[in-house]
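Student: Okay, so the sequence shown: first residue is 11 according to the numbering used here, each after it adds one. After the structure tokens below, expect a handful of questions from me.
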Amino acid sequence: MANSLLIRNGMLIDTDPVAARPGDVLVEDGVITAVGPDLPAADGAEVIDATGRIVMPGFVDTHRHTWQAGIRSAAPDITFTGYLERVLGELAPRYRPEDVYLGNLAGALECLDAGITTLVDWCHINFTPAHTDAVIEALEHAGIRAVLGYCHGGDGGPESMAAEARRVREALPGGLLTMALAALGPEIVSPRQALDEWRLARDLDLPVTVHMGGHGAESAERGLAFLHENGLLDPGTTYIHPNCYTGDALKRIAGSGGTASVSPLVEAELGIGYPATGRARASGIPTALGGDTVASAPGDMFSVMRVAYALERARPDGLGMDFTTRDVLRMATIEGAEVAGLGEVTGSLRPGKQADIVVLRMDALGHAPVHDPIGAVVLSADTRAVDTVLVGGGVVKRDGRLVHHDVPSLVAALGESAARLTA
Ligand SMILES: [Zn+2]
């Protein structure tokens, strides 16, 4: 008999299209099998009473350096150059595998706790195989759905990068974890190295996720021209911080089947261009959101959605006022899933998808009353509202608490690790 779970009597927010209506969600063997009113519970089914609550797909974060959880807020008020110097130049090299494990576990659990059920972990702390194994172990232990974006950080040339990426692909346990090639790309490394990265991604049949388009108009144009000239504008490539691209460049990316990830708060704060949210979407590029780095910004999707919403509406060219709470909720869910390459797996309540579901409790001061459920999620809710979280039908948070982890012990261990890293 199927392992059955019924979420009953909630205010359902679906995302494809975005709409709210009362109803139930039936989950069998981890998969959503029915959505609608008055669904019957099978004998022995677990029932979650969602009366007065909002039930929606889990959020998808399409760009986060998850290992950085232990250096949260360690780099406020900095520019992108300052981030490179302080975070990547000074702090990252001090990470041992055990620090990576704690950071990645805490970072992934922070996501689940806040209703982010899927993560593209843009991982550039892979100094040794042991560092990477710590990342994989932490993601698996957390129980989050994740795309491990592997960025080679070890010594050696293209052969050692290829061998290690191949090893990582073999080492991934499957299930909730898949892989992408996190490329440094032609704006950061030499043409030779960028070619090696794309060749490796193709050899291993991995999508590329790459920081491109955020470092000035000239760099953006040059980088995209390089990909074009070398025939590397592959479908499924995610362009992170695509803010300096012209309309023509965005059309070229759209035509190639590329996707975009904006991290509006970090982009505004560090000077990585004005978020291209609406321009990218208008060009036809699936465009989603990322928290990027908690060293300089909050890591929850409520914060990211609100900044994306506000900055798009406040676009200097005055063209942003059509951007709605529904649009930004799509970016945080179904478009996030598409950008992560998981559009058929998660991001909406469609039957057949994995049951990655969040139940929000909206009865606190500052949350209640709820008039427009979608507006309430985007404009009023915060992490306090996240009551219950399911990943693949498994409950990872219930009654406001993560169920599989001793959070106080983890936070204590993370603090000890962080104290050493920042000493
Ligand atoms: Zn980044």
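Glycine is no exception: its CB is placed at the ideal position from the N, C-alpha and C atoms.
1. Can you find a heavy atom of ligand 1 that lies under 7 Å from the Cβ of D123?
2. What does DSSP give as the partner residue(s) for N136 in the beta ladder?
3. Quick one: give me the first and last residue of the alpha helix (DSSP H) that N114 is part of.
4. Since L412 sits in a beta bridge, which residues does DSSP pair it with?
5. Closest to A51 by CA distance: which of L16, D59, T25 and T72 is it?
6. Which residues mark the beginning and the end of the beta strand (DSSP E) in which A190 is found?
7. Note down the Cα distance separating V65 from L22, rounded to an integer number of angstroms.
8. In angstroms with no decimal places, state the Cα-to-Cα distance between R82 and T188.
9. Helix, strand or coil, according to DSSP, for F69 in the structure here?
10. Using only the alpha-carbon positions, how far apart do P86 and T432 sit?
11. Tell me which residue opens and which closes the beta strand (DSSP E) that R104 is part of.
12. Whole angstroms are fine: how far does the CA of Y255 sit from the CA of L234?
13. Taking all protein chains shown into account, do 16 or more other C-beta atoms lie within 10 angstroms of the C-beta of M222, making it buried, or fewer, making it exposed?
14. Between the beta-carbon of T72 and the beta-carbon of G346, is there less than 8 Å?
15. CB-CB under 6 Å to A423, same chain, minus the five flanking residues each way: which ones, in chain order?
16. Start and end of the alpha helix (DSSP H) containing R430?
17. Pair every Cβ in the segment 357-368 with every Cβ in the segment 332-346, then say whether three or more of these pairs are closer than 8 Å.
18. Within the segment 289-348, note down every full alpha helix (DSSP H) run reaching 4 residues or more, in order along the chain.
19. Mark D302 as exposed unless 16 or more other C-beta atoms lie within 10 angstroms of its C-beta, in which case mark it buried.
20. How would you call A29, buried or exposed, if buried means at least 16 neighbouring beta carbons within 10 angstroms?
21. Rounded to a whole number of angstroms, what is the C-alpha to C-alpha distance between L242 and I295?
22. How should M311 be labelled, buried or exposed, when 16 other C-beta atoms within 10 angstroms of its C-beta is the threshold for buried?
23. Just reading off the alpha helix (DSSP H) that E180 is part of, what are its end residues?
24. Over what stretch of residues does the alpha helix (DSSP H) that includes I263 continue unbroken?
25. Is there contact here, the segment 163-173 with the segment 381-393, by at least three beta-carbon pairs under 8 Å?
26. Can you list, in chain order, the residues of its chain whose CB lies under 8 Å from that of G404, leaving out five sequence neighbours each side?
27. Considering H221, what are the terminal residues of the alpha helix (DSSP H) in which it resides?
28. By the DSSP assignment, the beta strand (DSSP E) with T248 in it spans what residues?
Tutor: Judging by the given coordinates:
1. no
2. H162
3. P107 to D123
4. K407
5. L16
6. L187 to A193
7. 5 Å
8. 26 Å
9. strand
10. 14 Å
11. No beta strand (DSSP E) holds R104; DSSP gives it neither H nor E.
12. 9 Å
13. buried
14. yes
15. L112
16. V417 to T432
17. yes
18. 311-323 and 335-342
19. buried
20. exposed
21. 17 Å
22. buried
23. P168 to A181
24. G257 to S266
25. no
26. G40 and G153
27. Looking at the DSSP string, H221 is not in any alpha helix (DSSP H); the run it does join, the beta strand (DSSP E), is V218 to H221.
28. T248 to I250
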